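Here's the structure we're looking at; comments come further down.
There are 2 protein chains.
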Amino acid sequence: MNNTIETILKHRSVRAFTEVEIPQSDVDQIIEAAQAASTSSFLQAYSIIGITDPEKKRTLSILAGNQSYVKENGYFLVFCADLYRHEQAAEQHGVDITQTTESTEAFMISLIDAALAAQNAAVTAESMGLGICYIGGIRNNLKQVCELLQTPNKVVPLFGMAIGYPKQIEEQKPRIPKEIIFHENQYMQDNDILNENLQQYDQIISDYYKQRTNAKKNMTWTKQITNTLEHSKRLYLNDFIKQCGFLR
Amino acid sequence: MNNTIETILKHRSVRAFTEVEIPQSDVDQIIEAAQAASTSSFLQAYSIIGITDPEKKRTLSILAGNQSYVKENGYFLVFCADLYRHEQAAEQHGVDITQTTESTEAFMISLIDAALAAQNAAVTAESMGLGICYIGGIRNNLKQVCELLQTPNKVVPLFGMAIGYPKQIEEQKPRIPKEIIFHENQYMQDNDILNENLQQYDQIISDYYKQRTNAKKNMTWTKQITNTLEHSKRLYLNDFIKQCGFLR
Numbered sequence: 583m584n585n586t587i588e589t590i591l592k593h594r595s596v597r598a599f600t601e602v603e604i605p606q607s608d609v610d611q612i613i614e615a616a617q618a619a620s621t622s623s624f625l626q627a628y629s630i631i632g633i634t635d636p637e638k639k640r641t642l643s644i645l646a647g648n649q650s651y652v653k654e655n656g657y658f659l660v661f662c663a664d665l666y667r668h669e670q671a672a673e674q675h676g677v678d679i680t681q682t683t684e685s686t687e688a689f690m691i692s693l694i695d696a697a698l699a700a701q702n703a704a705v706t707a708e709s710m711g712l713g714i715c716y717i718g719g720i721r722n723n724l725k726q727v728c729e730l731l732q733t734p735n736k737v738v739p740l741f742g743m744a745i746g747y748p749k750q751i752e753e754q755k756p757r758i759p760k761e762i763i764f765h766e767n768q769y770m771q772d773n774d775i776l777n778e779n780l781q782q783y784d785q786i787i788s789d790y791y792k793q794r795t796n797a798k799k800n801m802t803w804t805k806q807i808t809n810t811l812e813h814s815k816r817l818y819l820n821d822f823i824k825q826c827g828f829l830r
Numbered sequence: 583m584n585n586t587i588e589t590i591l592k593h594r595s596v597r598a599f600t601e602v603e604i605p606q607s608d609v610d611q612i613i614e615a616a617q618a619a620s621t622s623s624f625l626q627a628y629s630i631i632g633i634t635d636p637e638k639k640r641t642l643s644i645l646a647g648n649q650s651y652v653k654e655n656g657y658f659l660v661f662c663a664d665l666y667r668h669e670q671a672a673e674q675h676g677v678d679i680t681q682t683t684e685s686t687e688a689f690m691i692s693l694i695d696a697a698l699a700a701q702n703a704a705v706t707a708e709s710m711g712l713g714i715c716y717i718g719g720i721r722n723n724l725k726q727v728c729e730l731l732q733t734p735n736k737v738v739p740l741f742g743m744a745i746g747y748p749k750q751i752e753e754q755k756p757r758i759p760k761e762i763i764f765h766e767n768q769y770m771q772d773n774d775i776l777n778e779n780l781q782q783y784d785q786i787i788s789d790y791y792k793q794r795t796n797a798k799k800n801m802t803w804t805k806q807i808t809n810t811l812e813h814s815k816r817l818y819l820n821d822f823i824k825q826c827g828f829l830r
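So the protein lines, in turn, are chains S and D. According to the numbering used here, the first sequence is numbered sequentially starting from 583. According to the numbering used here, the second sequence is numbered sequentially starting from 583.
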């Protein structure tokens, strides 16, 4: 197994960082690596906003649900879907591309482009010995996040990424059995096999939590995700993303 | 610079592969690495379908716009947004989570989860000396792709990935200047700076194409993306994705 695969398999989210800032040259390397990712039709339909202002970090951490590691880290990035510069570019050529940029397809392209770039950034940071944590919590209050970051129409902040020197390393959470996330040639729709695998996985996750918490936490995967998904969150997003000029 | 960063920066899409199949152990490693990526709220809201049946590859390549490298490669993966197993799991606990799974937020989570996993797969493959190419073309005919892969409700194939031993290595396309894709603390909305950078980038891309094609291709980035975005593609997607149980 090569170093790259080792780095990738060693991943776990880090939620406690030292206050040591990441050197600018490392940040530059992370951004360069992000930009090296594949991009749909060469569109590069995303932007990255680096947050260095402590006051903005503090505000973001509150907006993202009071997560301390949003303000206490070595660097903080926000990845955005971005078709703003494309509309500017088309305008230079006298072409209106709004019908395309506001389509579901364009939104999907932007999300995928942004996520591919982000994962390159994550792996790069981890290969340097840094830890990372994705922050979906910025979608709790996207209107305020947009105001804080002064994003124009056709730009939507999607998620943040806290990066820094780990203060505490957590254990890796076991993933879903390959048997039910990987399919060959066609989607495996046999619910007996699915449920059998979910049951096995529930046991693995239950054991994992028990071991980690001295038997205090008793939770399976199916129960955990049912709890998470039982109450809908962020239902304002459909309207808000339309307001930003996407998904119309 | 470590090996991982070198691998990431060396990326270019490969569109011509030898017919040599990738060993199963390498495919397994790629899938394991994909699964190691971060996932929102531990949901793991994606599936990966490996296509080994030559007839299915051939059909997919036609559906994706007659791209030869969809059928001629060492392995082909399809990454899907997937909340099917979550609905099954919640049902076991007697809870209806449809309001959540059909939300825009859930669709975003699934897309991001799938893309993070995919980029881990891409970097892993490239670290093994393999080449990759993302295939957005499967979104040309998603209904037929779903039928071919027999995906249930709450599963949407998002993009493919051709993997294999490169037969031909292409040059790397220069990326957008960091100055306009990276912003510090707030989105840079100065259109004079934007246009100046776009102009510089147009020159870089124009030079790149001229050099690659013996001056036959004369194209700037702003012109290229304007051409791409002038005519809307895949406008059926909004309706189709709703039919699949998302984005309602």
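Yeah, the Cβ is synthetic: ideal placement off N, Cα and C, and Gly gets one too. Here the structure is a predicted model, which is why all the values come from computation and not from measurement.
H668/S: member of the alpha helix (DSSP H) spanning 666-674, first to last residue. In chain order, Y783, D784, I787 place their CB closer than 6 Å to the CB of W803/D, counting only its own chain and leaving out the 5 sequence neighbours on each side.
Residue state for P636/D is assigned as helix, using DSSP reduced to three classes. At a cut-off of 3 residues, the continuous stretches assigned as beta strand (DSSP E) that sit fully inside the region 729-800 of chain D are 737-746, 764-766. Here Y818/S carries a coil assignment [DSSP, helix/strand/coil]. If you look at I720/S, you'll find it isn't in any beta strand (DSSP E); DSSP assigns it neither H nor E. The region 751-767 of chain D and the region 680-687 of chain D do not touch, with fewer than three beta-carbon pairs separated by less than 8 Å. Measuring C-alpha to C-alpha distances from I633/S to each of Y790/D, L780/D, Y769/D identifies Y769/D as the nearest.
The beta carbon of I590/D sits closer than 7 Å to those of V705, all from its chain and outside the five residues before and after it, given in chain order.
The CB of K638/D comes closer than 7 Å to the CB of N767 in chain S, given here in chain order.
For L591/S, the three-state secondary structure derived from DSSP is helix.
Counting only the Cα atoms, K799/S lies some 6 Å from Y791/S. When beta bridges are read from the DSSP output, G713/S appears opposite G746/S. In summary, H813/D is exposed, with fewer than 16 beta-carbon neighbours lying within 10 Å of its beta-carbon over all protein chains present.
Contact between the region 699-715 of chain S and the region 609-618 of chain S is present: three or more C-beta pairs spanning the two stretches fall below 8 Å.
Within the same chain, and ignoring the five residues on either side of L819/S in sequence, the residues whose Cβ sits closer than 8 Å to its Cβ are R721, L724. The criterion of a C-beta distance shorter than 8 Å is satisfied by I717/S and A646/S.
Of all residues in the region 584-606 of chain D, those with a C-beta nearer than 7 Å to a C-beta of chain S are N584, N585, T586, I587, T589, I590, L591, H593, S595, reading in chain order. Contact between the region 758-775 of chain D and the region 659-673 of chain D is absent: fewer than 3 CB-CB pairs across the two stretches fall below 8 Å. Minimum Cα-Cα distance from F599/D among the listed residues G711/D, A697/D, Q606/D corresponds to G711/D. For T804/D, the closest Cβ of chain S is nearer than 8 Å. DSSP places I612/D in the uninterrupted alpha helix (DSSP H) bounded by 606-617. Residue-level contact check: S650/D does not touch chain S, since none of the beta carbons of chain S fall below 8 Å from its beta carbon. Its chain contains K638, T641, L642, L645 as the residues whose beta carbon lies nearer than 8 Å to that of L730/D, once the 5 sequence neighbours on both sides are disregarded; these appear in chain order.
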